[in-house]
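Reviewing the structure listed below.
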Amino acid sequence: MLQAQHAPANTLRELRFEPLLADRLDAVVAVEQRAYAHAWSRTNFLDALHSGYQAQVLLSDDEVLGYFVAMKGVDEVHLLNITVAVEHQGQGLARLMLDALVLWTRSQGLDWLWLEVRVGNAPAIHVYERHGFGRVGLRKDYYPACDGERESAIVMSMNLIQSHSLNRGS
């Protein structure tokens, strides 16, 4: 079991990862809808599960704290969705899930992680950059936005070989 590292001492709780299965989809979709104006649908999650993507849910008891979905490519992993429940943000759970994703990626013998993030999502960009992701490009009008508009995405990547050797030196 894991313990949340940045929660106050009186709120420490045991955490665990489990594969995201259909029986947890209602709870995951509820978290997704509270977190985003343009949330993934139940069908998006079902498609990811049917495609065999790496999908993990972070739990405390039976409460969904967060989850991630990642697609394994030929020589890389692409993070498609990572979400922390709104009421549990700011506790280091996104970093914990990114650590789990890095470990899984390395266990697959792969060296690169890729993702897109909305240009307006400064908190997520900050988390990714602190975790070792670098900005490598921009996808214009990638995401849906309010009133039929579109929002661009920053493309970010992390070389796990390079980040591993940097981490070993610290």
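Be aware that the sequence shown starts at 0, since it is given in numbering that gives the first Met the number 0, and climbs by one per residue. Positions of the beta carbon are idealized from the N, C-alpha and C atoms, including for glycine.
Query, Result
"Helix, strand or coil for Phe132? Go by DSSP, reduced to three states.", "coil"
"From the DSSP secondary-structure annotation, give me the bridge partner or partners of Tyr141.", "Beta-bridge pairing links Tyr141 to no other residue."
"Output yes or no for whether 8 Å exceeds the beta carbon distance between Glu31 and Thr82.", "yes"
"Ends of the beta strand (DSSP E) at Ile152?", "In the sequence under discussion, the amino acid at residue 152 is Ala, which differs from the Ile named in the question. Counting along the chain, the beta strand (DSSP E) containing Ala152 begins and ends at 149 to 158."
"Alpha carbon to alpha carbon, how far is Met155 from Phe132? Give it in angstroms, no decimals.", "6 Å"
"How long is the line joining the alpha carbons of Phe16 and Gly72, rounded to whole angstroms?", "22 Å"
"Please state whether DSSP places Ser50 in a helix, a strand or coil.", "coil"
"Determine the contact status of Tyr66 and Val56, defining contact as a CB-CB distance below 8 Å.", "yes"
"Which partner residues does His77 have in the DSSP bridge list?", "Met70, Trp113"
"Are there 16 or more other CB atoms within 10 angstroms of the CB of Ile153, so buried, or fewer, so exposed?", "buried"
"Helix or strand or just coil, what does DSSP make of Ser106?", "helix"
"Given that a residue counts as buried once 16 or more other Cβ atoms are within 10 Å of its Cβ, and exposed if not, what is Ala93?", "buried"
"Measure the C-alpha to C-alpha separation of Ala69 and Tyr142 and round it to an integer number of angstroms.", "18 Å"
"With DSSP run on the structure shown, which of helix, strand or coil describes Val126?", "helix"
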